[in-house]
Structures are given as structure tokens and as C-alpha cells.
Amino acid sequence: MDAQDKIRTRYDDFFGKDFMPLIRHEQTQGAEERIAYANEFAAFQLGQIDKKLGRLIELMEARQQQNAPTTALA
4 MDAQDKIRTR YDDFFGKDFM PLIRHEQTQG AEERIAYANE FAAFQLGQID
54 KKLGRLIELM EARQQQNAPT TALA
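Plus 3 on top of the position in the sequence shown (first one is 1) and you've got my numbering.
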């Protein structure tokens with residue numbers, strides 16, 4: 004596995020879980036850090052939704068084409 008695959012896997016694992024604010028025991032996160040993390044998490048989740056909806060549309064279109072009446076050329 005190359006370095007980019009490792010990073011991608013780590014990213015998917017991290018953002019694939021439910022949202023949890025990053026908590027540090029020594030210090031509190033600043034508002035900018037919290038907002039940036041929340042935005043990145045939301046963008047990842049929207050990307051996942053987009054992928055799933057795209058696949059759903061493909062399946063629905065394929066199903067519609069299977070059920071469409073075929074017309075013979077006269």
C-alpha cells in the first residue's frame with residue numbers, strides 16, 4: 004500500500020464514523036479549528052451521500068429501461 008492509500012484509508016476511517024468534536028485534555032479547541040473540522044466532516048458526509056444517490060439513480064434508470072415497453076420498427 005502506498006502512502007496516498009494509507010492516508011486515504013485513515014481519512015475514510017476517521018470521517019466515516021459519527022461526528023465527534025476533537026477533544027484535547029490539555030487545551031480547548033478554538034472556534035476556528037472546530038468550524039474547520041465540522042466543515043470537513045460535513046463535506047465528507049455530503050460526498051458519501053452524493054455517491055450513494057448517484058448509484059441509486061443508476062439503478063433506477065436501469066430498472067426503468069428494463070421495464071420500458073420495446074417498440075418494433077415498422
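Built from N, CA and C at the ideal position, the CB exists for glycine as well.
It should be emphasised that the depicted structure is a prediction, and the values quoted were computed from it without experimental measurement.
- Apart from sequence neighbours up to five positions away, no residue of its chain approaches ALA46 with a beta-carbon distance below 8 Å.
- Three or more Cβ pairs closer than 8 Å define a contact, and the region 7-25 meets that threshold against the region 39-56.
- Less than 9 Å divides the Cβ of GLN32 from the Cβ of TYR40.
- Pairing LEU59 with TYR14, the inter-Cα distance amounts to about 24 Å.
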